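Engineer: Right, I'll just put the structure down here and ask away after.
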Amino acid sequence: MNEILYSLYDRRSVRAFEDRPVAEEQKRMVLDAAAQAPSAGCQQLYTILDITDPAIKERLAETCDHQSFIARAPVVLIFCADCLKWFDAYVEAGCTPRQPRAGDLLLAVDDALIAAQNAVVAAQSLGLGSCYIGDIMEQYEEHRRLLKLPAWVFPACMLVLGWPTRQQRERPKPARFAQKHIVHENAYRRMAGPELREMFAGRTGGQSFEAWMSAFCRRKYDSDFSREMSRSVEEYLRDFEEEES
């Protein structure tokens, strides 16, 4: 296994950081690596918010599911899918561009997430720990106000970085599903009950499939925060609805 593959296998989410800063040069290297990510038409349809204000970090720690480690992370980056700046550039050039639509948003989300993953890989190579925070998609009204997000700009993900504590470096990485359950050849293949049960075998902590799945469903899929995420994303999507003629 080469160095890059080892880094990908070794990386795990880090939610506790040592009390020491990340040097500006190291942060710059991470951001430069993010910008090297592939993007649609080399447009880089994203804007990265570098959150340095402690008050904003404290507020994000509350609005993003009350996760206090966000406020203590030395680096907090928000990767926004940005359909506005190219629109503004078209207008500046005298074009009469159409309004961005859902397809434009999803393309920009692709760009933003690919850039974020480049940042994660770069951070890992420097010894920095990282954790994705999907909760930034929630709390539409508060986050739009807090981050001054205009229409056609969507916070696709947040990434926190810092020096992991020893416990975080040494804790076991959760197992991934077997490849046969996540790679389908040529076309999608819906899995039936027996294969689904096989996929989760050994992952239920001694509970039955039914008990573990029911608890997970309540905690995650049917949770208040999951419903809030859907509500907020639907609000962001209103920006991309077709204008009435």
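Using numbering that gives the first Met the number 0, read the sequence shown as starting at 0 and increasing by one per residue.
Ideal placement from N, C-alpha and C gives every residue a C-beta, glycine not left out.
If you're wondering where the values come from, they're calculated on a predicted model, not measured in any experiment.
1. Considering just the uninterrupted stretch of the beta strand (DSSP E) at Val-159, what are its terminal residues?
2. With three or more C-beta pairs closer than 8 Å as the rule, is the region 12 to 21 touching the region 114 to 131?
3. Please report the residue range of the beta strand (DSSP E) in which Asp-49 lies.
4. Less than 8 Å between C-beta atoms, sequence neighbours within five positions excluded: which residues of the same chain meet that for Ser-244?
5. To the nearest angstrom, how far is the alpha carbon of Arg-226 from that of Gln-42?
6. Can you tell me whether Asp-134 is buried or exposed, with buried defined as 16 or more other CB within 10 angstroms of its CB?
7. Quick check on DSSP: helix, strand or coil for Ser-244?
8. According to DSSP, simplified to helix, strand and coil, what is Ala-72?
9. What residue does the beta strand (DSSP E) around Ile-132 start on, and which one ends it?
10. Can you find a C-beta in chain D that's less than 8 Å from the C-beta of Gln-123?
11. Measure the CB-CB distance between Ile-132 and Cys-63 and report whether it falls below 8 Å.
12. Can you grab the Cα-Cα spacing for the pair Glu-194 / Leu-112, in whole Å?
13. Less than 8 Å between the C-beta atoms of Met-198 and His-180, yes or no?
14. By Cβ distance below 7 Å, which residues in the same chain neighbour Met-228 in space, the five residues on each side in sequence not counted?
15. Inspect the CB distances between the region 231 to 239 and the region 93 to 103 and report whether three or more fall short of 8 Å.
16. Counting along the chain, where does the alpha helix (DSSP H) carrying Asn-117 start and finish?
17. Between which two residues does the alpha helix (DSSP H) carrying Arg-168 extend?
18. With H, G and I counted as helix, E and B as strand and the rest as coil, what does DSSP make of Cys-63?
19. Rounding to the nearest angstrom, what Cα-Cα distance links Val-159 and Val-119 in this structure?
20. What does Cys-41 pair with, by DSSP beta-bridge criteria?
21. Does the structure place the region 72 to 88 close enough to the region 212 to 224 that three or more beta carbon pairs sit under 8 Å?
22. Going by other Cβ atoms of all chains shown within 10 Å of its Cβ, with 16 needed for buried, is Ile-3 buried or exposed?
23. In angstroms with no decimal places, state the Cα-to-Cα distance between Arg-11 and Phe-68.
24. In the structure shown, what three-state DSSP assignment does Cys-33 receive?
Structural biologist: To lay it out plainly:
1. On the sequence shown, position 160 is the one that residue 159 refers to. Start and end: 152 to 161.
2. yes
3. In the sequence shown, counting from the first residue as 1, residue 49 sits at position 50. Run containing Asp-49: 45 to 50, per the beta strand (DSSP E) assignment.
4. The residue you call residue 244 lines up with position 245 of the sequence shown. Residue placement at Ser-244 cannot be trusted, given a pLDDT of 44 that sits under 50; the coordinates are not used to answer.
5. Indexing the sequence shown from 1 puts residue 226 at position 227. Indexing the sequence shown from 1 puts residue 42 at position 43. Distance between the alpha carbons of Arg-226 and Gln-42: 32 Å.
6. Position 135 of the sequence shown, counted from the start, is the residue given in the question as residue 134. Buried.
7. Numbered from 1 along the sequence shown, position 245 holds the residue referred to as residue 244. In this prediction, Ser-244 scores a pLDDT of 44, lower than 50, which makes its location untrustworthy; the coordinate-derived value is nonetheless stated afterwards. Reduced to three states, the DSSP call for Ser-244 is coil.
8. Residue mapping note: residue 72 aligns to position 73 of the sequence shown, counting from 1. Here Ala-72 sits in coil by DSSP.
9. By one-based count along the sequence shown, residue 132 stands at place 133. Unbroken beta strand (DSSP E) run through Ile-132: 128 to 132.
10. The chain inventory of the structure shown lacks chain D, comprising one protein chain alone.
11. Taking the first residue of the sequence shown as 1, we reach residue 132 at position 133. Taking the first residue of the sequence shown as 1, we reach residue 63 at position 64. Against a cut-off of 8 Å, the Cβ pair of Cys-63 and Ile-132 comes out as a contact.
12. For the purposes of this step, residue 194 is taken as the residue at position 195 of the sequence shown. For the purposes of this step, residue 112 is taken as the residue at position 113 of the sequence shown. Cα to Cα, the separation comes out at about 30 Å.
13. Position 199 of the sequence shown holds residue 198. Position 181 of the sequence shown holds residue 180. In contact: Met-198 and His-180 (Cβ atoms closer than 8 Å).
14. Here residue 228 refers to the residue found at position 229 of the sequence shown. Taken in chain order, the residues that qualify are Met-136, Glu-137.
15. yes
16. In the sequence shown, the residue the question calls residue 117 occupies position 118. First-last of the alpha helix (DSSP H) with Asn-117: 101 to 124.
17. Here residue 168 refers to the residue found at position 169 when the sequence shown is read from its first residue. Here the alpha helix (DSSP H) through Arg-168 covers 165 to 169.
18. Position 64 of the sequence shown, counted from the start, is the residue given in the question as residue 63. In this structure, Cys-63 counts as coil in the three-state DSSP scheme.
19. On the sequence shown, residue 159 is found 160 positions in, with the first residue counted as 1. On the sequence shown, residue 119 is found 120 positions in, with the first residue counted as 1. Those two C-alpha atoms are separated by around 9 Å.
20. Here residue 41 refers to the residue found at position 42 when the sequence shown is read from its first residue. Cys-41 is not bridged to any residue.
21. no
22. By one-based count along the sequence shown, residue 3 stands at place 4. Result: exposed.
23. The count along the sequence shown starts at 1 and reaches residue 11 at position 12. The count along the sequence shown starts at 1 and reaches residue 68 at position 69. About 16 Å.
24. In the sequence shown, counting from the first residue as 1, residue 33 sits at position 34. The question names Cys, but residue 33 is Ala in the sequence shown. Ala-33 falls in the helix class under three-state DSSP.
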